[in-house]
Amino acid sequence: MEILLIIVSAIFVNNIVLAQFLGICPYLGVSNKLSTASGMSLAVCFVITLSTLVTYLLNKYLLVRFGLEFLQTIAFILVIAALVQMVEIVLKKVSPSLYQALGIFLPLITTNCAVLGVAINVVTKEFTFGLPSHMLGLGEAVLYAFATSLGYGLAMVIFAGLREHLSLCEVPKPFRGVPIALVTVGILAMAFMGFSGIA
Amino acid sequence: MSKLKLITKGLVKDNPTFVLLLGMCPTLATTTSAINGLSMGLATLFVLVLSNMAISAIDPVVPDKVHIPVYIVVIATFVTLLQFLMQAYTPDIYATLGLFIPLIVVNCIVLGRAEAFANKNSVLDSALDGLGVGLGFTVSLTVLGLVRELLGSLSLFGWKIPGTGDGMLAFVMAPGAFLCLGYLMVLFNKYIAKK
Chain A
54 MEILLIIVSA
64 IFVNNIVLAQ
74 FLGICPYLGV
84 SNKLSTASGM
94 SLAVCFVITL
104 STLVTYLLNK
114 YLLVRFGLEF
124 LQTIAFILVI
134 AALVQMVEIV
144 LKKVSPSLYQ
154 ALGIFLPLIT
164 TNCAVLGVAI
174 NVVTKEFTFG
184 LPSHMLGLGE
194 AVLYAFATSL
204 GYGLAMVIFA
214 GLREHLSLCE
224 VPKPFRGVPI
234 ALVTVGILAM
244 AFMGFSGIA
Chain B
-5 MSKLKLITKG
5 LVKDNPTFVL
15 LLGMCPTLAT
25 TTSAINGLSM
35 GLATLFVLVL
45 SNMAISAIDP
55 VVPDKVHIPV
65 YIVVIATFVT
75 LLQFLMQAYT
85 PDIYATLGLF
95 IPLIVVNCIV
105 LGRAEAFANK
115 NSVLDSALDG
125 LGVGLGFTVS
135 LTVLGLVREL
145 LGSLSLFGWK
155 IPGTGDGMLA
165 FVMAPGAFLC
175 LGYLMVLFNK
185 YIAKK
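Each protein sequence line maps, in turn, to chains A and B.
Residue 54 is where the first sequence starts when you use this note's numbering, and the numbers rise one by one after that.
Residue -5 is where the second sequence starts when you use this note's numbering, and the numbers rise one by one after that.
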């Protein structure tokens, strides 16, 4: 039950883009085409889950143990940058086709605030998920990160689909480009508000 | 470029929010009221000026291959400094802005200015550039916060307009952020940035 709550809450109720405003830059930047949007979502999913696992362990067994919590921001961003680089190298060797598909999105993920945001949230915030509020355990943290990144993918794919249709419409000149995209996201966010209260 | 122009160009011509579309996450997330927008803008301004100065000073000795990681560590250091200062002197604002203070590290405006300006110019010019871009960001955030606060809770800078009821809650929440920014951008394109 609790697992289900984590998943539903992270994907729909507290959607990372539409409710928490994280990762907006790539969200607006690469959502022009459905294919690039899904590629980006895949890469983000991979990096968020992996980096949360690593930063959680780093925080618990190194920073907290030695009283160095104030180094969280610096340590986490370094871990994420190194991880993205490593994932890039490994993917290049192991699965060149996936590496080709993700292209430039991989290095760009370092500066996607969704990754750092989830990593910091998981170790500093208390969550409830139907239980008394508590800090997340390792399993919960990784599950939460994975579900959150699925929410990112969902919002991304829906929006890319909308934009593909939008590009065929006649849009008034001052609205062209980003403004109409923002208004569309606003309406999409309103639809997602309907989920609040479920979990 | 004259010193004055360095400061003013961030307001309209190179406005980070409406023209360059950088730093969208804090723009949307922290502008629930004019005060919050203003505080977020000033926090970013602080980091921008200091990191621009530091990066322009150390750039000659940084090997080209590792310059991005070095910049990020410099920026993260100033962000940590800012976190300490805010926790000590403005704990309320720190609590409201929450996650978005550490996230200044990955704000593309800061790294963008380091890469595009600070590593090629003098320390003084870089400081002025940081000040100009930071001011542009602060003004945009304050305006957006003002509009959302007015529509969402019918108040201005925390002062409730007397004799009014509740505002439209949606404007304080997520959808309002996107809608307001979208429409402000339309107004900006149509009236201010006329070509």
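C-beta: ideal position from N, C-alpha, C; glycine also.
Original post:
Tell me which same chain residues have a C-beta within less than 7 angstroms of the C-beta of B:Met167, skipping the five on either side of it?
Top reply: Taking B:Met167 as the centre and dropping the five residues before and after it, the same chain places no C-beta closer than 7 angstroms to its C-beta.
**OP:** Please go through the same chain and pick out, in chain order, the residues whose beta-carbon is closer than 8 angstroms to the beta-carbon of B:Phe72, but skip the five residues on each side of it.
**Re:** Same-chain partners within the cutoff: Phe40, Val41, Leu44, Ser45, Ala48.
**OP:** Reducing DSSP to helix, strand and coil, say where B:Ser116 ends up.
**Re:** Three-state DSSP puts B:Ser116 in coil, outside helix and strand.
**OP:** Measure the CB-CB distance between B:Met179 and A:Leu215 and report whether it falls below 8 angstroms.
**Re:** No, these two residues do not count as a Cβ contact at 8 angstroms.
Subject >> Among B:Asp58, B:Ala51, B:Asp123, B:Met34, the one whose alpha carbon lies nearest that of B:Thr194 >> reply: Here chain B comprises residues numbered -5 to 189, so residue 194 of chain B is not present and cannot be evaluated.
Subject >> Three-state secondary structure (DSSP) of B:Lys154 >> reply: Assignment of B:Lys154 by DSSP, reduced to helix, strand and coil, places it in the strand class.
Subject >> Residues bridged to B:Ser149 [DSSP beta-bridge criterion] >> reply: B:Ser149 is bridged by DSSP to B:Lys154.
Original post:
Quick one: which chain B residues come within Cβ less than 7 angstroms of A:Val238?
Top reply: Going along chain B in sequence order, the residues near A:Val238 (Cβ under 7 angstroms) are Phe172.
Subject >> DSSP state of B:Phe131 mapped onto helix, strand, coil >> reply: The answer is helix: DSSP assigns B:Phe131 an H, G or I state.
**OP:** Note the first and the last residue of the continuous alpha helix (DSSP H) segment covering A:Met246.
**Re:** Secondary structure note for A:Met246: its alpha helix (DSSP H) is the uninterrupted segment 231 to 246.
**OP:** Using alpha carbons as the reference points, say which of B:Asn30, B:Leu75, B:Thr132 lies closest to B:Ile87.
**Re:** When each option's Cα is compared against that of B:Ile87, the closest is B:Asn30.
Original post:
Less than 8 angstroms separating the beta-carbons of A:Leu95 and A:Ile130?
Top reply: No; because the gap between Cβ atoms is not below 8 angstroms, this pair is not in contact.
**OP:** Find the residues of chain C that neighbour A:Ala198, judging by a C-beta separation of less than 7 angstroms, and give them in chain order.
**Re:** Of the protein chains in the structure, A and B, none is chain C.
Subject >> Alpha-carbon spacing of A:Ser104 relative to B:Ile155, whole angstroms >> reply: About 46 angstroms.
Subject >> Secondary structure of A:Phe180, DSSP reduced to three states >> reply: A:Phe180: strand per DSSP, three-state reduction.
Original post:
Quick one, which residues of the segment 94 to 123 of chain A are near chain B if we go by CB-CB under 7 angstroms, in chain order?
Top reply: Within the segment 94 to 123 of chain A, the residues whose Cβ lies closer than 7 angstroms to any Cβ of chain B are, in chain order, Phe123.
Original post:
CB-CB under 6 angstroms to A:Asn112, same chain, minus the five flanking residues each way: which ones, in chain order?
Top reply: If you ignore the 5 residues before and after A:Asn112, its C-beta comes within less than 6 angstroms of the C-beta of Val176, all in its own chain and listed in chain order.
Original post:
By the criterion of Cβ-Cβ separation under 7 angstroms, what are the contact partners of A:Asn174 in chain B?
Top reply: Those are Leu93, listed as they occur along chain B.
Original post:
Along the segment 142 to 153 of chain B, what residues have a CB closer than 8 angstroms to any CB found in chain A?
Top reply: Residues of the segment 142 to 153 of chain B with a C-beta less than 8 angstroms from any C-beta of chain A: none at all.
Original post:
When the Cα atoms are used, what is the spatial distance from A:Val264 to B:Pro54?
Top reply: Residue numbering for chain A in the displayed model covers 54 to 252; residue 264 of chain A lies beyond these limits and cannot be assessed.
Subject >> contact_flag[the segment 135 to 142 of chain A, the segment 159 to 166 of chain A] where n(CB pairs < 8 angstroms) is 3 or more >> reply: As far as the Cβ criterion goes, the segment 135 to 142 of chain A touches the segment 159 to 166 of chain A, which means the pair count is three or higher.
Original post:
Any residues in the segment 37 to 66 of chain B with a beta carbon nearer than 9 angstroms to a beta carbon of chain A? Which ones, in chain order?
Top reply: For the segment 37 to 66 of chain B, the set of residues with a beta-carbon nearer than 9 angstroms to any beta-carbon of chain A comprises Ile62, Pro63, Ile66, in chain order.
Subject >> A:Leu124, enclosing alpha helix (DSSP H) - first and last residue >> reply: Per DSSP, A:Leu124 is not a residue of any alpha helix (DSSP H), being assigned neither H nor E.
**OP:** Flag this pair as yes or no: are the beta carbons of B:Thr38 and B:Gly128 separated by less than 8 angstroms?
**Re:** Taking 8 angstroms as the Cβ cut-off, B:Thr38 and B:Gly128 qualify as a contacting pair.
Original post:
Just to confirm, are B:Leu163 and B:Thr21 a CB contact at a threshold of 8 angstroms?
Top reply: Not a contact, by the Cβ cut-off of 8 angstroms.
Subject >> Contact check, B:Leu36 vs B:Thr132, beta carbons under 8 angstroms >> reply: The Cβ atoms of B:Leu36 and B:Thr132 lie closer than 8 angstroms to each other.
Subject >> Span of the alpha helix (DSSP H) around B:Phe(-3) >> reply: Inspection of the sequence shows that residue -3 of chain B is occupied by Lys rather than by Phe. Unbroken alpha helix (DSSP H) run through B:Lys(-3): -3 to 2.
Original post:
In chain B, which residues lie with their C-beta within 7 angstroms of the C-beta of A:Ala242?
Top reply: Going along chain B in sequence order, the residues near A:Ala242 (Cβ under 7 angstroms) are Ala168, Pro169, Phe172.
Original post:
For the alpha helix (DSSP H) that B:Pro169 lies in, which residues bound it at each end?
Top reply: Element bounds for B:Pro169: 168 to 181.
**OP:** My understanding is that A:Ile127 touches B:Thr74, with C-beta atoms under 8 angstroms, so please give their C-beta distance in whole angstroms.
**Re:** The C-beta separation of A:Ile127 from B:Thr74 comes to about 6 angstroms, placing the pair in contact by the 8 angstroms criterion.
Subject >> CB contact below 8 angstroms: A:Ala134 versus chain B >> reply: Closer than 8 angstroms: yes.
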